[in-house]
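What follows is a short report on a single structure.
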Amino acid sequence: MPAPTGVLTDLDRVLLDADSIRNRVSELARQLETDYEGKVITVVVLMDGALFFVADLLRQINLPMRIVTLGASSYHGGTESTGEVKLNWPSGVEFTGLDVLLLDDILDTGLTLSALRDRLLFEQPASLKTGVLLDKKRPREHDVPLDYCGFEIGDEFVVGYGMDYQGRFRNLPCIGILKL
Ligand code: 5GP
Ligand code: MG
Ligand code: MG
1 MPAPTGVLTD LDRVLLDADS IRNRVSELAR QLETDYEGKV ITVVVLMDGA
51 LFFVADLLRQ INLPMRIVTL GASSYHGGTE STGEVKLNWP SGVEFTGLDV
101 LLLDDILDTG LTLSALRDRL LFEQPASLKT GVLLDKKRPR EHDVPLDYCG
151 FEIGDEFVVG YGMDYQGRFR NLPCIGILKL
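Last residue of the sequence shown: number 180 in full-length UniProt numbering, and the count goes up by one each step with no gaps.
The following block contains the structure:
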């Protein structure tokens, strides 16, 4: 393997390379196409971490959909959750009676997705499913039923493919662990 250059030199190691991510994202797209056949999906995307995941995933799904992005944060720039979620709820978007698919980059404590699921369920969608690229294996503080998951990973702080550390590293094509 060639020696890392540029921003990749900040990584201690690569957990998931670009090819593995691409292959798994394609598999998820096929699965979603099968599951949502004949429906119009209302996709709710948590920004900014899910940016590249949903861009790659949704372009491979040949079904009608609406895409709603919203911001939620519980980290405020560090590597540990602060235990409180801030939601920027979109105004004038209808969820009632629709098939809603909630997508995020990574499930960690479950705080963010459980808060968002509760908020969406309050709108009484016809269905609500949840998908993440990464499921961090750790004791879950908030239970989140996952319908779609790209990879299970260990309890480590990861960056890349949309995920940041203090605003940086989102543009890495792979997912890795930073040098400390
Ligand atoms: P939770 O609310 O499940 O604890 O955390 C979910 C959010 O925290 C994710 O949407 C993501 O933005 C951020 N997060 C959790 N774990 C990691 C991680 O390992 N790396 C990065 N960059 N963000 C994480
Ligand atoms: Mg996020
Ligand atoms: Mg972040």
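All C-beta atoms, glycine included, are put in the ideal place defined by N, C-alpha and C.
Note to self: Short of 8 Å in beta carbon distance, which residues of its chain neighbour E37, apart from the five on each side in sequence? Order them along the chain.
What the structure shows: Answer for E37: L63, listed in chain order.
Item checked: Those residues, in chain order, that have a beta-carbon closer than 6 Å to some heavy atom of ligand 2 -> Qualifying residues, in the order they occur: L46, G49, D104 and D105.
Next item on the list: Determine, using beta carbons only, whether N88 and L103 come nearer to each other than 8 Å.
Entry: Here N88 is not near L103, since their CB atoms are 8 Å or more apart.
Checklist line | Collapsed DSSP secondary structure at A72 in the structure displayed | finding: Looking at A72 - three-state DSSP - the assignment turns out to be strand.
Check: Whose C-beta lies closer than 6 Å to the C-beta of R66 among residues of the same chain, with five residues either side of it excluded?
Finding: Sequence-distant Cβ neighbours of R66 in its own chain, meaning closer than 6 Å and more than five residues away, are T42.
Check: Using the rule of at least 16 other Cβ atoms within 10 Å of the residue's Cβ for burial, across every protein chain shown, is T34 buried or exposed?
Finding: Exposed, since its Cβ has fewer than 16 Cβ neighbours within 10 Å.
Item checked: Continuous beta strand (DSSP E) stretch holding T130: start and end -> Run containing T130: S127 to K136, per the beta strand (DSSP E) assignment.
Next item on the list: Helix, strand or coil for V7, going by three-state DSSP, please let me know.
Entry: Helix at V7.
Check: What distance in whole Å lies between the Cβ atoms of G154 and F53, which are believed to be in contact at a cut-off of 8 Å?
Finding: The C-beta separation of F53 from G154 comes to about 19 Å, leaving the pair out of contact by the 8 Å criterion.
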